[in-house]
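J.: So the protein lines, in turn, are chains A and B. Heads up: the first sequence is residues 1 to 459, going by our numbering. Heads up: the second sequence is residues 460 to 860, going by our numbering. Here it is, the structure, as structure tokens.
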Amino acid sequence: MASLNSALSMAVQSLDAATGAIQVTNNNIANANTPGYVRQVPVFQEAKPGEDNGLSTGSGVVLEGYQSVRDELIQSQIQQETSAQGSANAEQSSLQQIQSTFTTSTQDIGTEMSALFTSISSLSTNASSTSSQTAVLTAGQNLATAFNTASNTLTSQQSGLDAQVTHDVSQINSLTKQIAALNPQIVQLTATGQDGGTLQDQQDQLVLKLSALTSVAITQTSDGVTLSTGNGTALVVGSQSLALQTKTGSNGTQQVLDQNGSNITSSLTGGDLGGTIQTRDTTIPGLLNQLDTLANQFGNAFNSAQKAGFDQSGKAGKDFFTVSSTVAGSAGTIKMAITDPSLIASSSDGSAGSSGNLANFSAVQTTNLPSGQTPTSAYGSLVYNVASLTSNASAESSATTASLLQLNDQLSSVSGVSIDEESTNLITYQQAYEAAARVVTTIQSLFQVTMSMGTASAA
Amino acid sequence: MRVTNTVPDMQYDIQLSQQNLATAQQQVATGLRVNQPSDDPTASASMILSLASSANVDQYTSNVSSVLPQMQTADSAVSSIVTSLNSAITLGSSGATGTSSTTNRQEAATQVQGILSSVISAANTSYAGTYVFGGTASTTPPFVAASTTFTSSQGSAASPLTPTTTLKAGSVTTISDATTGETMTFKAAAGDTIATLQTAVDTAVSNGTLSAGTTATINAGGQLSIATNSSTAGIVVSSNDAALGSMSAVSDTQVANAYAYVGNSSVNSVQVGDSMSVATNVPGSQLFTSGTNVIGSLTGLISALQSGTSAQIGTATTAITTAIESIDQQRIPLDNTISQLNSQESYLSQEKVTLTTQQTSLVGANLADAASNLSQAELDNDAALAAAAKALPQTLLDYLK
């Protein structure tokens, strides 16, 4: 038979459940703006039914616990997209700085190259004019400086990126350590049937930060989350984190080694580290090679022209530029070989007034270098490459930003806290609490009625 | 879809509309659609080529401007020479008549000498330090007074030069002959000696480059002496050989009214278009000594007037007429070049306009488009901000009182 006592305990359960729900709502509202917070919902369940004279009756409500509303699929998509964004941003920021060197200005290689040819042409109108000869030397010097500057910009970007590799690796190590430390705690919590809750949120947030540095493969195991790099190098296994190391390689740049000392630099993709390594080891060397080839072939073509003629004193021309014997490093080291204006080999017959050999200099502008392009076209190709790489990186960066926004919208539609929703929940649970409290007062008055039953009949 | 937080989307929209606004503003402010290479990689690469072409066209234009006055200077010098020669013909014709007295002829000879000086001065015309008729040897006057004998500075009675004295390989010795109007150039090869030079002089005499009687000998003072036995014309010798030292004329051997051409026959050319070069000089050898020796014909007339017969004066006068015809023939390329330069100048200014138009279409912003883009971007930005301002503060709590 149902008793007032059991009715009272059912009402207390209701009060507890409503308080718990208000507690969850309160926490949701408090963390509405916390990054990585996943909203929680109270899990109510009907209490086990009671038996009353053969009738099964409800026994109230039980607050089973709190459940975080997660979507692992979207979460992992966000992690991947974050890696892609990290990589694109790293490339874009380097290339933006590089392209300023190749922007048409008064000092870029194209302008200086053109100025050298016009100074040669101007000299041909009066081959023995010292001022015109000096102008050619100045233009040559300016072009050499423009090559040096462009080369320096590329190599200093490269060394900046090199420092970034070390920085990224140390950040990765710090993150994997924290992620590994959370694994046993989460495992312990979930073993008791509870939700990972706050700890899980923290771990997801750390994995997201890690994704921004390098792309990681994520596997859930009974020991918690297992993380590895794209090529399978383990980073986190259970409570263990496997630190990456850096070491100066044979080419002078920082190489990334795994726990066992194997070089995994070239296999790292995605994230800031992936983008940094890609730019440092592929993009910039490609551009440098193009620049060095141009400087080397242009310098040699000019030297050949110079050697075909005679200087103001009738002597066979000597080198105009000092050019490195190897292509690598040519742009960084090219410089003027002559400083005396009278040493320009403008003469084709040995007489000071002859400008016949200047045609050989001018021909360099319209003749294909060994690379198969004229110097101006070769520089145009270089600019095109820098521009299209920059433009692609910018487009990739914008695209990943937009895509991340979209994914975050999706995630927040599942896991995000809606203040409006929490407000209505609050009203709901408030009402539930008030109703349960009313039941308690009702039962209380029933108890009084019951207790005063004898008194009333006596009276 | 459950919408929880609109802030990130609003922020993104505002950011995007502000980027568009900044881009539109930059395009209007700079007038350029492409402000950095990544704005349009293809246009940026094409721009490099176009700018190089522009710089070339500017330089071609400047070349035309600097070459044209030089050619005009040369042309007016040639005109003044022709005028001078015509006056010489007049003097010669009157001197050739039988009635002309010796005194008259001497006076005419003196006047022709004056004409010769002015012709030499015109032939040695320089423009901006360049002797316009010297070929590519344009840093010194091309027509030099000739002497009969030149000696080397090296060699003395105590330590004489000998035929076996070795010359420095690569050194150049030139002998310019006033009579033939030609120059013998001797470039010493390794192992060449003074004897080799002597043989070369003999060969030049036998093939007519130098007049008969020109010799290279070692004189009593032990010096190399290069001399001619002609009393009416002379030679000019120069050398940069260290073994010989500089060659200088022996004093009192200068020949009156004789001038040798020490320039060369090379032609300089200047590029005034991508595939157009013009010769900027007509060498004096071609203009004044090829076919008819103009200077020689005046020298001939002077000596005919001084001591010749009427017939000889007549012949000398006819020689000058031939010389004028020869000059008129030779100056044609000069005149052609001047008119080519004039037409090239207008072509280049047209070309410059074409290139500028090309560059504007490559990287320039269409101002009308840019301006309307700007006002559109302003409108979009306003709308994004207004929408955010309206939507962001709204929550259910505003209505729960």
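Just so you know, even glycine gets a beta-carbon here, dropped at the ideal spot from N, CA and C.
(1) Give the C-beta separation of S725 of chain B and S351 of chain A to the nearest angstrom, bearing in mind that I take them to be a contact with Cβ-Cβ under 8 Å.
(2) What residues in its chain sit with their C-beta under 7 Å from that of M1 of chain A, if we drop five residues either side in the sequence?
(3) Nearest to A115 of chain A by CA position, among B:A679, B:D517 and B:V578, is which residue?
(4) I believe D258 of chain A touches D168 of chain A by the beta-carbon criterion, under 8 Å. Please report the beta-carbon distance rounded to the nearest angstrom.
(5) So who's on the other strand from N263 of chain A, going by DSSP bridges?
(6) Whose CA, out of B:T815, B:V753, B:I754 and B:G551, lies closest to the CA of R564 of chain B?
(7) What do you get for R461 of chain B, buried or exposed, if any count of 16 or more other CB atoms within 10 angstroms of its CB means buried?
(8) Taking a cut of 8 Å between CB atoms, which residues from the segment 504-526 of chain B lie near chain A?
(9) 8 Å is my cut-off, CB to CB: does A459 of chain A come that close to chain B?
(10) Based on Cα-Cα distance, which residue from A:S452, A:A144 and A:S121 lies nearest to S362 of chain A?
(11) Within the chosen definition, does the segment 587-607 of chain B reach the segment 729-741 of chain B through at least 3 CB pairs nearer than 8 Å?
(12) Considering N89 of chain A, what are the terminal residues of the alpha helix (DSSP H) in which it resides?
(13) Looking at C-alpha atoms only, which residue of B:A702, B:G640, B:N716 and B:T687 is the closest neighbour of D661 of chain B?
(14) Taking 8 Å as the threshold (beta carbon to beta carbon), is L856 of chain B in contact with chain A?
(15) Which chain B residues are close to N126 of chain A, counting only those with a beta carbon under 8 Å from its beta carbon?
(16) By alpha-carbon positions, which one of B:S635, B:S690 and B:G680 ends up nearest to V664 of chain B?
(17) Since N183 of chain A meets chain B, which of its residues come closer than 8 Å, beta carbon to beta carbon?
(18) Could you check where the beta strand (DSSP E) with A604 of chain B kicks off and where it finishes?
(19) Closer than 8 Å, CB to CB, is D462 of chain A near chain B or not?
(20) Among the candidates A:L73, A:Q430 and A:S354, whose CA atom is the shortest distance from the CA of T598 of chain B?
(21) With distance defined between alpha-carbon atoms, name the residue in B:Q730, B:A659, B:T520 and B:G650 nearest to S805 of chain B.
(22) Relative to the alpha-carbon of T731 of chain B, which residue among B:S802, B:L669 and B:N840 has its alpha-carbon at the smallest distance?
(23) Flag this pair as yes or no: are the beta carbons of Q254 of chain A and T166 of chain A separated by less than 8 Å?
(24) Evaluate S756 of chain B with the Cβ neighbour count: other Cβ atoms within 10 Å of its Cβ, from every protein chain shown; 16 or more gives buried, anything less gives exposed.
(25) In whole angstroms, give me the CA-to-CA distance for A459 of chain A and S452 of chain A.
(26) Which ranges would you report for the beta strand (DSSP E) in the segment 493-545 of chain B if only whole runs of at least 3 residues count?
(27) Quick check on D204 of chain A - is its C-beta less than 8 Å from some C-beta in chain B?
(28) What does R461 of chain B reach in chain A if we use C-beta pairs closer than 9 Å?
(29) Take T532 of chain B and list the residues in its own chain whose beta-carbon comes closer than 7 Å to its own, dropping the five residues that flank it on each side.
(30) Taking 8 Å as the CB-CB limit, is M1 of chain A close to chain B?
(31) DSSP on T633 of chain B, reduced to helix/strand/coil?
(32) Leaving out the 5 sequence neighbours to the left and right, which residues in its chain are closer than 7 Å to A328 of chain A when beta-carbon positions are compared?
(33) Suppose you measure from the CA of S131 of chain A to the CA of R280 of chain A; what does that come to, to the nearest Å?
(34) So for A234 of chain A, helix, strand or coil by DSSP?
(35) Residues in the same chain with beta-carbon distance under 7 Å from A847 of chain B, minus the five sequence neighbours each way, listed in chain order, please.
T.: Working from what's here:
(1) 7 Å
(2) Summary for M1 of chain A: the model assigns pLDDT 48, below 50, so the residue's position carries little reliability; its value from the coordinates is reported in the next sentence. Counting only Cβ-Cβ distances below 7 Å, and skipping sequence neighbours, we find D52 and N53.
(3) B:D517
(4) Contact doesn't hold; Cβ gap of about 15 Å is too wide.
(5) A:L257
(6) B:G551
(7) exposed
(8) A504, S505, M506, I507, L508, L510, A511, A514, N515, D517, Q518, Y519, S521, N522, S525 and V526
(9) For A459 of chain A, the predicted structure reports a pLDDT of 40, less than 50, and the residue's modelled location is therefore unreliable. A value from the coordinates is still provided. No, A459 of chain A does not count as interfacial toward chain B.
(10) A:S121
(11) yes
(12) E72 to T101
(13) B:T687
(14) yes
(15) S525, A587, G588 and T589
(16) B:S635
(17) None at all; the shortest Cβ gap to chain B is about 29 Å.
(18) F602 to S606
(19) The structure shown does not extend to residue 462 of chain A, since chain A is modelled only from 1 to 459, so the question has no answer here.
(20) A:S354
(21) B:T520
(22) Strictly speaking, residue 731 of chain B in this sequence is Val, with Thr absent from that position. Of the candidates B:S802, B:L669 and B:N840, the one whose C-alpha sits nearest the C-alpha of V731 of chain B is B:S802.
(23) yes
(24) buried
(25) Residue placement at A459 of chain A is flagged as unreliable, the pLDDT there being 40, under the threshold of 50; the coordinate-derived value follows with that caveat. Roughly 10 Å between the two C-alpha positions.
(26) none
(27) no
(28) S412, S413, V414, G416, S418 and E421
(29) T584, Y586 and V591
(30) In this prediction, M1 of chain A has a pLDDT of 48, which is less than 50 and means its spatial position is unreliable; what the coordinates show is noted afterwards. Judged by the 8 Å Cβ criterion, M1 of chain A is not in contact with chain B.
(31) strand
(32) D292
(33) 44 Å
(34) strand
(35) M469 and I473
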